[in-house]
Amino acid sequence: MVQISTFLRICELVKRRNVRVSAHGYARLSKRGILFADVITGITQGYVIEDYPDFYLGPAVLVLQIDASGKPLHVVWGLEKGTDAPAVAVTAYYPDPSEWSSDFRSRKP
Numbered sequence: 010m011v012q013i014s015t016f017l018r019i020c021e022l023v024k025r026r027n028v029r030v031s032a033h034g035y036a037r038l039s040k041r042g043i044l045f046a047d048v049i050t051g052i053t054q055g056y057v058i059e060d061y062p063d064f065y066l067g068p069a070v071l072v073l074q075i076d077a078s079g080k081p082l083h084v085v086w087g088l089e090k091g092t093d094a095p096a097v098a099v100t101a102y103y104p105d106p107s108e109w110s111s112d113f114r115s116r117k118p
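Residue numbers (my numbering): 10 to 118.
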C-alpha cells in the first residue's frame, strides 16, 4: 500500500462509504446525542488536531469537525491495525470550552 496520511485515507474511505462505528463509538454517539450523519459529513472540512500514527490498535487521528447545527465536534477516526479499510469512527464528543482553546484546536495548559 502506498503510504498516505491516516486522515487522507479516512477521508477517501468515508467518501466511498467504507466506514463503520466501533462498539465504543456507537455507545458514545448515542449517549451524547451525536448523529452519525454529522460525523460522516463533517469530515470533509475537518481539521486534524492530533495524529496517532503508532497507536497500538492502529493509526488514528483526532479531528475537529462541525456538526449540522454549526457546533464544533471532535471525532477520533482510525484504521484497525494491519488493515487499510474501513474507516472506523472510534468516538466523538462536543469539546468542553473550559478544556480547549477558543477555536477548539488545542488543549488548554
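For glycine and all other residues, C-beta sits at the position ideal for the given N, C-alpha and C.
Taking a cut-off of 8 Å on C-beta distances, the region 102-111 touches the region 78-91, as three or more cross pairs fall below it. Per the coordinates, the alpha-carbon of R25 lies some 18 Å from the alpha-carbon of V99.
Membership of G34 in the alpha helix (DSSP H) is indicated by the continuous run 32-41. In the structure shown, G51 adopts helical secondary structure according to DSSP, grouped into three states. For L22, the uninterrupted alpha helix (DSSP H) run begins and ends at 15-24, by DSSP.
Between Q54 and the set D76, T92, R116, Y61, the nearest pair of CA atoms involves D76. Note: T100 is bridge-paired with V85 in the DSSP secondary-structure output. Linking L73 to R114 through their CA atoms gives a straight-line distance of about 7 Å. Under DSSP, D93 shares a beta bridge with no residue. If you draw a straight line from the Cα of K90 to the Cα of S107, it is about 33 Å long.
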